[in-house]
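Read the structure below first, then the notes.
Number of protein chains: 2
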Amino acid sequence: VKVEIVTIGDELLLGFTVDTNAAHIARELGEIGVSIPWRSSVGDNAQAVAEAVRNGLDRTGAVITTGGLGPTSDDLTKPAIAELFGREMYHEESVADAIRARWAGLRRSGKIPESNFTQALIPRGAEIFANDHGTAPGLWLEDERGRWVAMLPGVPREMREMLANALLPRLIARTGAGEEGAVIRSRTIRATGIPESTLFNRLGPLATNVEGLAPAYLPGIEGVDVRLTSQGRTALEADSILDRAATAIRNALGSYAYGEDNDDLAAKVLDLCRSRRFKLSVAESCTGGLLGARLTAIPGSSDVFIGGVIAYDNAVKRSVLGVPQPLIEQYGAVSGEVASAMARGIVDTLGGDLGVAVTGVAGPGGGTREKPVGLVWIAAHGAVNECRELRLFGDRAEVRQRAAQAALDMVRRGLG
Amino acid sequence: VKVEIVTIGDELLLGFTVDTNAAHIARELGEIGVSIPWRSSVGDNAQAVAEAVRNGLDRTGAVITTGGLGPTSDDLTKPAIAELFGREMYHEESVADAIRARWAGLRRSGKIPESNFTQALIPRGAEIFANDHGTAPGLWLEDERGRWVAMLPGVPREMREMLANALLPRLIARTGAGEEGAVIRSRTIRATGIPESTLFNRLGPLATNVEGLAPAYLPGIEGVDVRLTSQGRTALEADSILDRAATAIRNALGSYAYGEDNDDLAAKVLDLCRSRRFKLSVAESCTGGLLGARLTAIPGSSDVFIGGVIAYDNAVKRSVLGVPQPLIEQYGAVSGEVASAMARGIVDTLGGDLGVAVTGVAGPGGGTREKPVGLVWIAAHGAVNECRELRLFGDRAEVRQRAAQAALDMVRRGLG
Numbered sequence: 003v004k005v006e007i008v009t010i011g012d013e014l015l016l017g018f019t020v021d022t023n024a025a026h027i028a029r030e031l032g033e034i035g036v037s038i039p040w041r042s043s044v045g046d047n048a049q050a051v052a053e054a055v056r057n058g059l060d061r062t063g064a065v066i067t068t069g070g071l072g073p074t075s076d077d078l079t080k081p082a083i084a085e086l087f088g089r090e091m092y093h094e095e096s097v098a099d100a101i102r103a104r105w106a107g108l109r110r111s112g113k114i115p116e117s118n119f120t121q122a123l124i125p126r127g128a129e130i131f132a133n134d135h136g137t138a139p140g141l142w143l144e145d146e147r148g149r150w151v152a153m154l155p156g157v158p159r160e161m162r163e164m165l166a167n168a169l170l171p172r173l174i175a176r177t178g179a180g181e182e183g184a185v186i187r188s189r190t191i192r193a194t195g196i197p198e199s200t201l202f203n204r205l206g207p208l209a210t211n212v213e214g215l216a217p218a219y220l221p222g223i224e225g226v227d228v229r230l231t232s233q234g235r236t237a238l239e240a241d242s243i244l245d246r247a248a249t250a251i252r253n254a255l256g257s258y259a260y261g262e263d264n265d266d267l268a269a270k271v272l273d274l275c276r277s278r279r280f281k282l283s284v285a286e287s288c289t290g291g292l293l294g295a296r297l298t299a300i301p302g303s304s305d306v307f308i309g310g311v312i313a314y315d316n317a318v319k320r321s322v323l324g325v326p327q328p329l330i331e332q333y334g335a336v337s338g339e340v341a342s343a344m345a346r347g348i349v350d351t352l353g354g355d356l357g358v359a360v361t362g363v364a365g366p367g368g369g370t371r372e373k374p375v376g377l378v379w380i381a382a383h384g385a386v387n388e389c390r391e392l393r394l395f396g397d398r399a400e401v402r403q404r405a406a407q408a409a410l411d412m413v414r415r416g417l418g
Numbered sequence: 003v004k005v006e007i008v009t010i011g012d013e014l015l016l017g018f019t020v021d022t023n024a025a026h027i028a029r030e031l032g033e034i035g036v037s038i039p040w041r042s043s044v045g046d047n048a049q050a051v052a053e054a055v056r057n058g059l060d061r062t063g064a065v066i067t068t069g070g071l072g073p074t075s076d077d078l079t080k081p082a083i084a085e086l087f088g089r090e091m092y093h094e095e096s097v098a099d100a101i102r103a104r105w106a107g108l109r110r111s112g113k114i115p116e117s118n119f120t121q122a123l124i125p126r127g128a129e130i131f132a133n134d135h136g137t138a139p140g141l142w143l144e145d146e147r148g149r150w151v152a153m154l155p156g157v158p159r160e161m162r163e164m165l166a167n168a169l170l171p172r173l174i175a176r177t178g179a180g181e182e183g184a185v186i187r188s189r190t191i192r193a194t195g196i197p198e199s200t201l202f203n204r205l206g207p208l209a210t211n212v213e214g215l216a217p218a219y220l221p222g223i224e225g226v227d228v229r230l231t232s233q234g235r236t237a238l239e240a241d242s243i244l245d246r247a248a249t250a251i252r253n254a255l256g257s258y259a260y261g262e263d264n265d266d267l268a269a270k271v272l273d274l275c276r277s278r279r280f281k282l283s284v285a286e287s288c289t290g291g292l293l294g295a296r297l298t299a300i301p302g303s304s305d306v307f308i309g310g311v312i313a314y315d316n317a318v319k320r321s322v323l324g325v326p327q328p329l330i331e332q333y334g335a336v337s338g339e340v341a342s343a344m345a346r347g348i349v350d351t352l353g354g355d356l357g358v359a360v361t362g363v364a365g366p367g368g369g370t371r372e373k374p375v376g377l378v379w380i381a382a383h384g385a386v387n388e389c390r391e392l393r394l395f396g397d398r399a400e401v402r403q404r405a406a407q408a409a410l411d412m413v414r415r416g417l418g
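Residue numbers (the working numbering), protein chains in the order written: chain D, 3 to 418; chain V, 3 to 418.
Okay, structure coming up:
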């Protein structure tokens with residue numbers, strides 16, 4: 003089963019909005035075995051909308067559009083597609099009622115702008131998808147030959163809800179997809195602390211073929227993701243082959259692999275601490291709170307994470323963490339000695355079982371020949387005792403994110 | 003001048019990669035007055051590539067492609083387009099030399115995989131764009147009627163360099179664009195602390211027409227951006243009308259407007275402190291380091307930002323910040339009393355002129371009827387003295403980000 007996507011809106015074509023809707027729809031459809039052979043984006047232009055939808059119907063007979071359903075005069079999707087299908091537009095009172103109810107619910111003052119009621123104009127014969135998060139309803143329009151267009155809103159939250167609640171169930175019923183049909187399914191193995199080329203070499207023959215699947219390599223700031231995708235198999239077959247392939251990749255990567263799919267390294271670290279009843283704290287210089295933010299982004303982190311000190315100024319390293327001034331003078335704030343003293347200092351100050359410290363030169367300024375931008379020291383004290391020098395690349399934001407990730411990984415490896 | 007974009011790759015259509023290249027190219031072309039009326043994405047499929055490019059040439063005579071230039075057998079862009087133009091492929095020795103040089107430069111061991119040399123096969127008559135960050139060269143192919151295709155790599159860094167260094171200068175020369183020609187230019191006014199509907203009402207007639215421009219409203223976690231776009235004017239005219247329109251919007255928004263374009267509220271706060279020689283510190287509970295991370299993300303923050311304490315556990319609020327235990331017992335950790343004591347405590351502990359504190363219920367757990375998820379207290383002590391209750395919506399990440407933004411805004415308004 004194939005469907006085309008047409009995303010509509012001047013902001014998309016001007017490049018001010020990145021088309022995340024198209025990617026979201028593709029992933030969701032893939033889960034039920036529907037593939038997207040073609041995608042178009044056009045502006046708020048009735049002729050272009052009609053042409054893009056017509057091309058899609060000619061190629062695949064099935065098109066999903068996003069955008070152009072709102073109350074302003076820019077929103078041309080409905081009339082353009084109604085004309086393509088030779089349907090007139092009529093005023094649908096149930097939609098007008100929903101608009102009035104929503105307006106009342108938002109407790110807005112004054113009269114509803116008349117323009118809002120253009121949203122109640124719909125093509126004859128269209129079915130309506132309710133919009134729980136906005137006023138523009140979605141529409142399903144089908145011709146006598148079974149060719150169809152599903153029109154979804156452009157606002158991501160509204161589109162996602164409508165896709166999940168109305169369109170996907172309809173497509174599953176229509177295509178017989180789901181448990182029994184063929185699906186597109188993927189699995190990602192997440193690795194960190196290893197460059198992409200080294201990882202590739204380490205995989206050997208698996209690098210290009212594992213259980214007949216061709217891995218895709220996605221290097222990012224937190225590490226390298228290896229993604230496996232199965233197409234044309236049932237969900238059961240796909241899960242089974244992905245399990246075997248993922249195990250093979252994980253075995254080859256050894257301790258560099260820390261998780262799968264959306265696994266977060268901070269959550270892994272919290273789990274490892276939780277299972278040992280360890281309490282964790284942080285002392286941050288160049289990351290400035292990023293490491294704490296990574297850990298506290300995870301719901302339930304409060305049973306493991308005590309807190310920390312952002313020791314940006316050296317005075318804070320001394321006064322709160324108790325780093326001896328002579329140590330800072332002799333080795334500099336960016337040194338293994340100071341990183342270790344910070345890690346010890348945070349455990350002494352806050353208690354707990356394990357302290358992690360980061361100090362480095364994030365750039366763009368502040369680098370010297372001996373201590374260039376990207377030089378970072380990380381240290382752990384307590385349940386893990388270690389100190390490491392890192393030479394990180396990238397801009398300020400990247401150096402900081404890589405440093406936080408490496409500090410988390412030091413704890414994972416130490417406890418793993 | 004109009005150009006179409008065709009982005010190529012299975013990962014795009016599967017939704018695993020979001021198409022940021024298309025948005026980047028659109029913005030860059032907009033700057034020289036070239037508009038994109040249509041954009042297509044197709045998979046690694048020679049027939050679809052040829053059809054998408056042919057459609058684009060029929061509509062506008064000018065197409066930019068990204069992707070499908072690499073060494074693997076998936077990469078079909080060149081042969082598909084060569085066939086469309088009726089050109090044969092030949093081995094270009096200068097490209098092969100560049101591949102060998104790059105391989106040597108990377109100090110890779112072993113022989114170059116033969117597949118790499120498919121990148122040296124190019125269509126007869128094509129011009130080559132050098133690739134400074136990879137081995138796949140870009141190509142420019144033009145027919146006798148002046149219709150052209152520019153083929154760029156899909157790797158964002160390689161694409162961006164080649165666009166900036168090779169393609170944009172060529173398009174400027176070709177279209178006479180640049181200083182004298184018509185450009186697409188935009189200006190964003192950033193507002194925070196005001197809901198989109200209230201902002202809209204506050205703008206009155208300017209909401210839909212300011213100096214003949216129609217503002218776009220982009221609500222986000224940090225606030226609402228109001229974007230103005232000028233098309234069809236010279237750079238000089240566009241800047242002048244955008245200046246006037248932005249001034250009108252800013253005047254209407256008053257203190258809700260904190261900056262323009264990519265301005266960051268944290269940078270504004272640092273600037274305000276810097277000009278008064280104030281030193282700033284933070285005490286964070288529910289934001290867990292996010293506020294410190296926002297401030298230290300800005301280069302040069304170290305002359306203003308001293309550091310902070312992540313007081314996640316109440317024991318840290320007591321021991322390091324000196325928040326009295328009876329206060330926590332009587333009012334709860336999420337209260338104005340505790341927020342104020344945290345702000346006072348961080349100034350007492352670290353010194354400096356101004357302390358900012360955040361405590362709240364980020365969710366998803368931990369909410370009660372009296373203190374639901376989204377309840378956050380922020381406080382400032384020292385150069386600004388204030389304490390505010392916030393009722394924030396969204397998931398855990400959103401509540402935390404909104405809380406950090408509101409805390410920064412409290413300082414901005416207090417010092418502004």
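Don't be surprised by glycine CBs; every beta carbon is placed ideally from N, CA and C.
Min CB distance residue i to chain D below 7 Å
i	result
T22 of chain V	yes
L170 of chain V	no
R29 of chain V	yes
P366 of chain V	yes
I38 of chain V	yes
G32 of chain V	yes
Cross-chain neighbours of residue i in chain V, by beta carbon under 9 Å
i	result
G334 of chain D	The premise fails here: G334 of chain D is roughly 15 Å from chain V at the closest Cβ pair, so nothing lies under 9 Å.
T361 of chain D	Neighbours of T361 of chain D on chain V: none; closest Cβ ~12 Å, over 9 Å.
I186 of chain D	L16
Below-7 Å beta-carbon distance, residue i vs any chain V residue
i	result
D266 of chain D	no
I308 of chain D	yes
R102 of chain D	no
G63 of chain D	no
P197 of chain D	no
L215 of chain D	no
L282 of chain D	no
Within chain D, partners of residue i - CB distance below 8 Å
i	result
E13 of chain V	A218
R398 of chain V	A299, P301
V311 of chain V	G309, G310, V311, I312, V322
Residue burial classification, residue i (beta-carbon count within 10 angstroms, cutoff 16)
i	result
L238 of chain V	exposed
K113 of chain D	exposed
G309 of chain V	buried
Q121 of chain D	buried
E1 of chain V	Outside the displayed span of chain V (3 to 418) sits residue 1 of chain V, for which this structure offers no information.
E423 of chain V	The displayed coordinates of chain V run from 3 to 418. Any statement about residue 423 of chain V would go beyond what the structure contains.
D315 of chain D	buried
E95 of chain V	exposed
N133 of chain D	buried
Unbroken beta strand (DSSP E) run spanning residue i, endpoints
i	result
L14 of chain V	No beta strand (DSSP E) contains L14 of chain V, which is instead part of the alpha helix (DSSP H) from 12-16.
D227 of chain D	225-236
Under 7 Å by beta carbon: chain D residues contacting residue i
i	result
S43 of chain V	R41
Span of the alpha helix (DSSP H) around residue i
i	result
R159 of chain D	158-164
L410 of chain V	398-417
Y333 of chain V	327-333
H26 of chain D	22-33
Cβ distance (whole Å) where residue i is taken to contact residue j below 8 Å
i	j	result
L323 of chain V	G347 of chain V	3 Å
I130 of chain D	Y92 of chain D	Between Y92 of chain D and I130 of chain D the Cβ distance is about 12 Å, and since that is not below 8 Å, they are no contact.
Interface partners of residue i on chain D, CB under 9 Å
i	result
R229 of chain V	E13, F18
V413 of chain V	Those do not exist, as V413 of chain V stays about 16 Å from chain D at its closest Cβ, beyond 9 Å.
Proximity test, residue i beta-carbon vs the ligand NAP heavy atom, cut-off 6 Å
i	result
A24 of chain D	For the structure depicted, the ligand NAP is absent and the ligand set is empty, with no information on it obtainable.
Where residue i meets chain V, residues with beta-carbon distance less than 8 Å
i	result
L293 of chain D	G291
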